[in-house]
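In structure tokens, the structure reads:
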């Protein structure tokens with residue numbers, strides 16, 4: 009499982025925050041990509057909250073293999089906390105062997121309609137799977153940004169009053185509501201199951 013390999017690079021980490029560039033570097037080091045480029049763009053947030061595209065480009069040598077490149081596009085018009093979640097989610101897609109892919113403009117528009125709420129998810133079973141894959145990738149991305157070892161220590165420090173939720177959220181550079189959810193012990197059980205999907 010490609011995600012489990014990536015997760016193992018971060019699960020023991022207690023030094024926070026986990027930077028998006030660290031996840032990019034890990035994917036490159038593990039050989040999943042030759043290059044990952046992060047691009048910030050103004051987006052219609054009712055249509056899309058980030059995307060990624062994979063392509064190859066010449067590596068420079070006449071007989072050499074082309075470079076596999078992922079381009080992650082994330083919205084400039086959201087705060088850094090949401091940008092981190094979106095980028096982590098898109099980076100999970102890089103190592104997701106079962107990610108839904110399309111080059112069909114109609115599929116892209118259907119997905120945008122589902123995400124924006126202008127189409128019912130139940131009306132399009134294939135879109136349901138794409139949306140579910142995106143939600144799963146987001147949860148996996150959060151596992152990278154707030155690793156298991158850090159959650160165990162943070163849970164104890166918050167319980168003992170040594171660390172506040174606000175302080176922890178600032179340290180993680182994640183929304184406080186997300187951090188609060190991830191501190192629940194049930195979240196670890198859910199994370200373990202999700203990591204194996």
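Residue numbers (my numbering): 9 to 205.
Just so you know, even glycine gets a beta-carbon here, dropped at the ideal spot from N, CA and C.
What you are looking at is a predicted structure, and each value in this text was computed from that prediction instead of being measured.
Comparing alpha-carbon positions, the option among 89, 96, 14 and 71 lying closest to residue 60 turns out to be 96.
In the structure shown, the three-state DSSP call for residue 18 is helix. With contacts defined by Cβ atoms closer than 8 Å, residue 58 and residue 83 form a contacting pair.
Note that the C-beta distance between residue 158 and residue 191 is not below 8 Å.
Per DSSP, residue 205 lies in no alpha helix (DSSP H) segment and is marked neither H nor E. DSSP places residue 99 inside the alpha helix (DSSP H), whose first and last residues are 88-102.
A residue is called buried when at least 16 other Cβ atoms come within 10 angstroms of its Cβ; residue 81 meets this threshold and is buried. Per DSSP, reduced to three states, the secondary structure at residue 79 is strand. Of the candidates 85, 91, 66 and 54, 91 places its Cα closest to the Cα of residue 46. The bridge partners DSSP lists for residue 47 are 81. Using a Cβ distance threshold of 8 Å, residue 180 and residue 153 count as a contacting pair. Cβ atoms of residue 18 and residue 155 come within 8 Å of each other, at about 5 Å.
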